[in-house]
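Below is one structure, written out as structure tokens; comments come after it.
Residue numbers (the working numbering), protein chains in the order written: chain D, 1 to 113; chain H, 114 to 227.
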């Protein structure tokens, strides 16, 4: 079975500060990892994904994430956040068939001026 | 290209009423999904359809039925709504080619059961 844990339900941060949103997963098989963003009253959209290869993955809007197999983590980072990054962020995991995706409980990022 | 569309956007039901949530995609995707989103619980998979004519249960299928009407449409039915089904429901489809591992989400249906 696969599962995802997002340790922080809310992260407040000031504009232009760096941020890290944490994600840990559990799985007994190879996994593929994703970060999605949800802006208020909208559906989810893909930020970035790790399938294989380089463990540092770059996504849209200046976000990046690092896959760490030994720590079973896939933390999301941005060196300098903007007000427009205020949203809820979801980490997700899937197996090789990609027929099921398991989502974490989400982290609300609140960027303050 | 509208992507994934869902109707209605909002709905209020009384306990015991039935309704169908509609979802359609115009991207020629094979796989489609229904999720529910509850505060602090993220998205949980209700049902999915790997291809036209097939459906499978997800994590929380009880109280729901689905129909994959054709390749474009995947509907979710609540036969006898309960307050515990108050939630935001998202439909998604999975891409093809370079996007075969990526899900595309609709805008959601906010359902309240009184």
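Even for Gly, the Cβ is constructed at its ideal location relative to N, Cα and C.
Remember, predicted model here, so these are calculated numbers, not experimental data.
Within chain D, the residues that residue i reaches when beta carbons sit closer than 9 Å
i              : result
residue 207(H) : 98, 99 and 101
residue 171(H) : 100
Supposed contact pair residue j and residue i - C-beta distance, whole angstroms, cut 8 Å
i              : j              : result
residue 184(H) : residue 165(H) : 5 Å
residue 110(D) : residue 38(D)  : Not quite, the Cβ-Cβ distance comes to about 14 Å (not below 8 Å), so this is no contact.
residue 31(D)  : residue 81(D)  : With a Cβ gap of about 27 Å, residue 31(D) and residue 81(D) do not count as contacting.
residue 222(H) : residue 156(H) : The pair is not a contact, with the Cβ atoms about 14 Å apart (cut-off 8 Å).
residue 171(H) : residue 100(D) : 7 Å
residue 76(D)  : residue 21(D)  : 4 Å
residue 191(H) : residue 132(H) : 6 Å
residue 58(D)  : residue 64(D)  : 5 Å
residue 19(D)  : residue 78(D)  : 5 Å
residue 102(D) : residue 4(D)   : 6 Å
residue 116(H) : residue 217(H) : 6 Å
Residue from the options whose Cα sits closest to the Cα of residue i
i              : options                           : result
residue 150(H) : 68(D), 41(D) and 58(D)            : 41(D)
residue 88(D)  : 49(D), 52(D), 45(D) and 72(D)     : 45(D)
residue 229(H) : 174(H), 155(H), 154(H) and 153(H) : Past the edges of chain H, shown from 114 to 227, lies residue 229(H), and the structure says nothing about it.
residue 187(H) : 224(H), 129(H), 131(H) and 219(H) : 219(H)
residue 206(H) : 199(H), 148(H) and 177(H)         : 148(H)
residue 61(D)  : 103(D), 51(D), 25(D) and 36(D)    : 36(D)
residue 74(D)  : 23(D), 17(D) and 14(D)            : 23(D)
residue 209(H) : 141(H), 146(H) and 224(H)         : 141(H)
residue 189(H) : 198(H), 178(H) and 199(H)         : 178(H)
residue 130(H) : 199(H), 114(H) and 136(H)         : 199(H)
residue 176(H) : 118(H), 120(H), 114(H) and 128(H) : 128(H)
DSSP beta-bridge partners of residue i
i              : result
residue 112(D) : 14(D)
residue 169(H) : 161(H)
residue 23(D)  : Looking at the DSSP assignment, residue 23(D) forms no beta bridge with any residue, so it has no partner.
residue 151(H) : 155(H)
residue 223(H) : 123(H) and 201(H)
Contacts of residue i in chain D (Cβ-Cβ under 7 Å)
i              : result
residue 220(H) : 42 and 43
Interface residues of chain H facing residue i [CB-CB closer than 9 Å]
i             : result
residue 49(D) : 214 and 215
Chain D residues whose Cβ lies nearer than 8 Å to that of residue i
i              : result
residue 203(H) : 43 and 44
Beta-carbon neighbours of residue i, restricted to chain H and to distances below 8 Å
i             : result
residue 25(D) : Ordered by position in chain H, no residue passes the 8 Å Cβ test against residue 25(D), which lies about 13 Å from the chain.
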